[in-house]
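Chemist: What follows is a structure written as structure tokens; I'll ask about it next.
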Amino acid sequence: MLIVECHELGRRFGAAVAVEGLSFSVAEGELFAFLGPNGAGKTTTLHMLTTMLEPTSGWARVAGFDVVRQAPAVRESIGVVFQEPALDERLNARENLEIHAVLYGLRGPRLKEAIAQALEWASLAEVAHRPVRTFSGGMKRRLELARALMHTPKILFLDEPTLGLDPQGRRHLWERIATLRGQGLTVFMTTHYLQEAEACDRVGIIDQGHLIALDTPAALKLKVLGKAEGSLEEVFLELTGRKLRDEEARPRDRLLGFARRGGEHTR
Amino acid sequence: MSTLASPTRTFSLEPAVVWAMWRRELLRYARDRSQIFGGFSRTVLWLIILGFGLGASFRDIEGYTYAQYIFPGVITLNILFAALQSAVALVWDREVGLLREVLVSPAPMLSVALGKLLGGASVAVIQGSIPLLFAPLIGVSLSLSSLLLAWGVMALLGLSVTGFGVVLASRMATFEGFGSISNGVIQPLYFLSGSIFPLKGIIGGVGFLDLPDALRRQLELLGIHTIGGGWVVQLPVWLQVLVYANPVTYFLDLLRAVSLRYQQLPMAADLAVVAIAPLLTTLLATLAMSRMRRR
Chain A
1 MLIVECHELG
11 RRFGAAVAVE
21 GLSFSVAEGE
31 LFAFLGPNGA
41 GKTTTLHMLT
51 TMLEPTSGWA
61 RVAGFDVVRQ
71 APAVRESIGV
81 VFQEPALDER
91 LNARENLEIH
101 AVLYGLRGPR
111 LKEAIAQALE
121 WASLAEVAHR
131 PVRTFSGGMK
141 RRLELARALM
151 HTPKILFLDE
161 PTLGLDPQGR
171 RHLWERIATL
181 RGQGLTVFMT
191 THYLQEAEAC
201 DRVGIIDQGH
211 LIALDTPAAL
221 KLKVLGKAEG
231 SLEEVFLELT
241 GRKLRDEEAR
251 PRDRLLGFAR
261 RGGEHTR
Chain B
1 MSTLASPTRT
11 FSLEPAVVWA
21 MWRRELLRYA
31 RDRSQIFGGF
41 SRTVLWLIIL
51 GFGLGASFRD
61 IEGYTYAQYI
71 FPGVITLNIL
81 FAALQSAVAL
91 VWDREVGLLR
101 EVLVSPAPML
111 SVALGKLLGG
121 ASVAVIQGSI
131 PLLFAPLIGV
141 SLSLSSLLLA
151 WGVMALLGLS
161 VTGFGVVLAS
171 RMATFEGFGS
181 ISNGVIQPLY
191 FLSGSIFPLK
201 GIIGGVGFLD
211 LPDALRRQLE
221 LLGIHTIGGG
231 WVVQLPVWLQ
241 VLVYANPVTY
251 FLDLLRAVSL
261 RYQQLPMAAD
271 LAVVAIAPLL
281 TTLLATLAMS
291 RMRRR
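Here it is, written out as structure tokens:
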């Protein structure tokens, strides 16, 4: 069964094209990665699939539901971890999980059970009472991942899940993602770490808003480099070129910068 | 395994969601000492320092000391700060905070918005109650009934300002400090609400205690109306227009009526604004938050 289907999916911001003519599908149980340089349209696509952004052309279905017309049904079927932590830093881990459980309709004993399980899964039971602002980047990510699984979604969307983590944290998180895949959960992630993409079932390479290649890592190497050995990095550079991708800071980036510096009341 | 089934629930009311969002606002407030400190420092500066400082120059305003006169104004100022601070938090909450997680969830936005508004209003009432602690210092004694009425008006003001702030925040792309909100929104609403100067009434200035009748008539010819020991306030027309156009004016007037039994505007006008404003802003804020889901 196909859990994600896109047809000619596109998004414009005014005159600027962020993503265009995206057609692909993801099968149930797949570990699927979108690989691309900064500003390629990875996050825009993920936002459209998770109902956070409306497409300006084409359509997409997630878990069998249209992302525009049946957005609430899509939201119930997915778990999402965004690139920037979406936690309340003044609340503790348990309070953050409680809000999530309530938002997804868990009540009473099922709510308590789901919170206990999530804390256990994230190995954060001992620090559940500590405000999230005191957590390391890795702990926050674990908490967010556990939270996204609380309502047993059919598919998990991860936007650059290991960004900003140290190698240990990255490895740890990656092992957890691999466990989920073993349990048959579909995982759709974006990344620009090539080793991570290497471990996925299929990889879509996206650049300047267009999907330029989509296949298993082995098939990509064979197709692009003409040999089975070699690295995905070579494939990536071959397809996307070696030009540096500099972007102008958008209002959102300025806000993120302000928040990272610990701007007033943002924590 | 989700218990939510119906697909169109944007406007449905889920008490648990309202409660969770309300509780979040209160927990955030309880853990922010700088906000609580701000409430106390504003009260001391405006009510005590300015109240007694300027009060030394004015004998009274319609029989009230200056500190007593600005007492409801200081309550209003604390409510404006707390409500707008809570509302404007949405701007970063959407990008780097919990709101993003709320937007991607299937929770009905009406319930989320109501929780946010009631949370902002509750924090505003708590912050607005700080000046009440100083009431004995300025010779204001509040009966239980006037206290309850005051809290009612404060809650409706908090709800209205939070709602207004949410609409404002939903249109802001970036945020790099509370200063622009403070200078651009809070202070105009505060200064143009009859908080620190009366709209009309009789002011007694030191030295005008016993004006001879002859001199009073001469002053009248010059357009200065003096009655008893003071003179009649006459604001310039442009200032009157600004003050009467500010909805906060009517909340503040009603708050002054219930706390000091001193009212400068018709009761009907006060009640109309105080009844309509919270409904209107709640509706607009809910719509604005529903639109945040899609960009």
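Chains A and B are the protein sequences, given in the same order. The numbering used here puts the first residue of the first sequence at 1, with every later residue one more than the last. The numbering used here puts the first residue of the second sequence at 1, with every later residue one more than the last. We put the beta carbon where it would ideally sit given N, CA and C, even for glycine. Every value quoted in this text rests on a predicted model; they were computed, and no experiment measured them.
#1: Keeping to the same chain, check which residues put their C-beta closer than 7 angstroms to that of residue 89/B; ignore five residues upstream and five downstream.
#2: Residues of chain C with CB closer than 7 angstroms to the CB of residue 90/B, please, in chain order.
#3: Taking C-beta pairs closer than 8 angstroms, name the residues in chain B that residue 100/A reaches, listed in chain order.
#4: Going along chain B in order, which residues have a C-beta closer than 9 angstroms to the C-beta of residue 91/A?
#5: What three-state label does DSSP hand residue 71/B in the structure shown?
#6: Go ahead and pull the three-state DSSP assignment for residue 196/B.
#7: Since I believe residue 79/B is in contact with residue 47/B (beta carbons under 8 angstroms), could you give me their beta-carbon distance rounded to a whole number of angstroms?
#8: Taking only the alpha-carbon atoms, compute the straight-line gap between residue 25/A and residue 203/A and give it to the nearest angstrom.
#9: At which residues does the alpha helix (DSSP H) containing residue 170/B begin and terminate?
#10: For the segment 132–157 of chain A, which segments carrying the alpha helix (DSSP H) assignment without a break, of at least 4 residues, lie completely within its bounds, in sequence order?
#11: Can you list, in chain order, the residues of its chain with a C-beta nearer than 6 angstroms to that of residue 281/B? Leave out the 5 residues immediately preceding and following it.
#12: Just the C-alpha distance for residue 158/A and residue 100/B, rounded to the nearest angstrom, thanks.
#13: Give the secondary structure of residue 108/A by DSSP, where H, G and I count as helix, E and B as strand, and everything else as coil.
#14: Give me the Cα-Cα distance between residue 270/B and residue 195/B, rounded to the nearest whole angstrom.
#15: Between the segment 66–86 of chain A and the segment 42–54 of chain A, are three or more C-beta pairs nearer than 8 angstroms?
#16: Ends of the alpha helix (DSSP H) at residue 191/B?
#17: Could you spell out the range, first to last residue, of the alpha helix (DSSP H) harbouring residue 236/A?
#18: Use the C-beta contact count for residue 238/B: other C-beta atoms within 10 angstroms, 16 or more gives buried, fewer gives exposed.
#19: Could you tell me if residue 183/B is buried or exposed, where buried requires 16 or more neighbouring beta carbons within 10 angstroms of its beta carbon?
#20: Do we get a CB-CB distance below 8 angstroms when we pair residue 17/A with the residues of chain B?
#21: Suppose you measure from the CA of residue 82/A to the CA of residue 264/B; what does that come to, to the nearest Å?
#22: Kindly say whether residue 116/A, judged by its beta-carbon, lies nearer than 8 angstroms to any beta-carbon of chain B.
#23: Under 8 angstroms between C-beta atoms, does residue 48/A make it to chain B?
#24: Is there a C-beta anywhere in chain A that falls below 8 angstroms from the one on residue 161/B?
#25: For residue 136/B, which option in 81/B, 96/B, 68/B and 290/B has the closest C-alpha, if you only look at C-alpha atoms?
#26: With distance defined between alpha-carbon atoms, name the residue in 93/B, 222/B, 189/B and 87/B nearest to residue 286/B.
#27: Can you check which of these residues, 160/A, 12/A, 162/A and 241/A, is closest to residue 207/A by C-alpha distance?
#28: Compare the C-beta of residue 119/A against all C-beta atoms of chain B and say whether one is closer than 8 angstroms.
#29: Suppose only complete runs of 4+ residues qualify. What are the alpha helix (DSSP H) ranges in the segment 158–218 of chain A, listed by chain order?
#30: List the residues of chain B that residue 109/A touches, going by C-beta distances under 8 angstroms, in chain order.
#31: Would residue 95/B pass as an interface residue toward chain A - the criterion being a Cβ-Cβ separation below 8 angstroms?
#32: How many angstroms separate the CA atom of residue 212/B from the CA atom of residue 246/B?
#33: One question on the structure: do residue 139/A and residue 33/A come within less than 8 angstroms of each other, judged by their Cβ atoms?
#34: Between the beta-carbon of residue 22/A and the beta-carbon of residue 200/A, is there less than 8 angstroms?
#35: Name the chain A residues whose beta carbon is nearer than 8 angstroms to that of residue 16/B?
#36: For a cutoff of 8 angstroms on Cβ pairs, would you count residue 298/B as touching chain A?
Modeler: Quick answer:
#1: Working through the second sequence from its first residue, we reach residue 89/B at position 89. For residue 89/B, where only same-chain residues beyond five positions count, there are no Cβ hits under 7 angstroms.
#2: Chain labels in this structure do not include chain C; the protein chains are A and B.
#3: Sequence index remark: in the first sequence, residue 100/A carries index 100 (1-based). 101 and 105, listed in chain order.
#4: Start at 1 with the first residue of the first sequence, and residue 91/A comes out as number 91. Neighbours of residue 91/A on chain B, chain order: 24, 27, 28, 31 and 98.
#5: The sequence position of residue 71/B within the second sequence is 71, counting from 1. Helix at residue 71/B.
#6: The residue you call residue 196/B lines up with position 196 of the second sequence. Coil at residue 196/B, not helix or strand.
#7: Counting from one through the second sequence, the residue named residue 47/B turns up at place 47. Counting from one through the second sequence, the residue named residue 79/B turns up at place 79. So it is not a contact: roughly 14 angstroms between Cβ atoms.
#8: On the first sequence, position 25 is the one that residue 25/A refers to. On the first sequence, position 203 is the one that residue 203/A refers to. Cα to Cα, residue 25/A sits roughly 12 angstroms from residue 203/A.
#9: In the second sequence, the residue the question calls residue 170/B occupies position 170. First-last of the alpha helix (DSSP H) with residue 170/B: 144–170.
#10: 137–149
#11: Against the second sequence, residue 281/B aligns to sequence position 281. These residues qualify, in order along the chain: 160, 163 and 164.
#12: The residue you call residue 158/A lines up with position 158 of the first sequence. The residue you call residue 100/B lines up with position 100 of the second sequence. Cα to Cα, the separation comes out at about 14 angstroms.
#13: Residue mapping note: residue 108/A aligns to position 108 of the first sequence, counting from 1. Here residue 108/A sits in helix by DSSP.
#14: Position 270 of the second sequence holds residue 270/B. Position 195 of the second sequence holds residue 195/B. Rounded to the nearest angstrom, the two C-alpha atoms are 15 angstroms apart.
#15: yes
#16: Counting from one through the second sequence, the residue named residue 191/B turns up at place 191. Residues 187–191.
#17: On the first sequence, residue 236/A is found 236 positions in, with the first residue counted as 1. Unbroken alpha helix (DSSP H) run through residue 236/A: 232–240.
#18: The sequence position of residue 238/B within the second sequence is 238, counting from 1. Exposed: under 16 other Cβ atoms inside 10 Å.
#19: As a first step, residue 183/B must be located in the second sequence, where it is residue number 183. Exposed is the call here.
#20: Within the first sequence, numbered from 1, the residue matching residue 17/A stands at position 17. For residue 17/A, the answer is no, since every Cβ of chain B falls outside 8 angstroms of its Cβ.
#21: To locate residue 82/A, count along the first sequence from 1; it is residue 82. To locate residue 264/B, count along the second sequence from 1; it is residue 264. If you take the alpha carbons of residue 82/A and residue 264/B, they lie about 53 angstroms apart.
#22: One-based indexing of the first sequence puts residue 116/A at position 116. Not an interface residue.
#23: In the first sequence, the residue the question calls residue 48/A occupies position 48. Not an interface residue.
#24: For the purposes of this step, residue 161/B is identified with residue 161 of the second sequence, where counting begins at 1. No, because no Cβ of chain A sits closer than 8 angstroms to the Cβ of residue 161/B.
#25: Here the question's residue 136/B lines up with position 136 in the second sequence. Closest by alpha carbon: 68/B.
#26: Taking the first residue of the second sequence as position 1, residue 286/B is located at position 286. Out of 93/B, 222/B, 189/B and 87/B, 87/B has the C-alpha closest to the C-alpha of residue 286/B.
#27: Position 207 of the first sequence, counted from the first residue, corresponds to residue 207/A. Out of 160/A, 12/A, 162/A and 241/A, 241/A has the C-alpha closest to the C-alpha of residue 207/A.
#28: For this step, residue 119/A is matched to residue 119 along the first sequence. Taking Cβ atoms only, chain B never reaches closer than 8 angstroms to residue 119/A, which makes this a no.
#29: 167–182 and 194–198
#30: Within the first sequence, residue 109/A is the residue found at index 109, counting from 1. Within 8 angstroms Cβ-Cβ: nothing; residue 109/A doesn't reach chain B, min ~13 angstroms.
#31: Stepping through the second sequence from its first residue, residue 95/B is reached at position 95. Yes, residue 95/B lies at the interface with chain A (some Cβ there is under 8 angstroms from its Cβ).
#32: Position 212 of the second sequence, counted from the first residue, corresponds to residue 212/B. Position 246 of the second sequence, counted from the first residue, corresponds to residue 246/B. Their Cα atoms are separated by approximately 39 angstroms.
#33: The count along the first sequence starts at 1 and reaches residue 139/A at position 139. The count along the first sequence starts at 1 and reaches residue 33/A at position 33. No; because the gap between Cβ atoms is not below 8 angstroms, this pair is not in contact.
#34: On the first sequence, position 22 is the one that residue 22/A refers to. On the first sequence, position 200 is the one that residue 200/A refers to. Contact: no.
#35: Taking the first residue of the second sequence as 1, we reach residue 16/B at position 16. Per Cβ cutoff of 8 angstroms: 102 and 107.
#36: Since the first residue of chain B shown is 1 and the last is 295, residue 298/B is not available in this structure.
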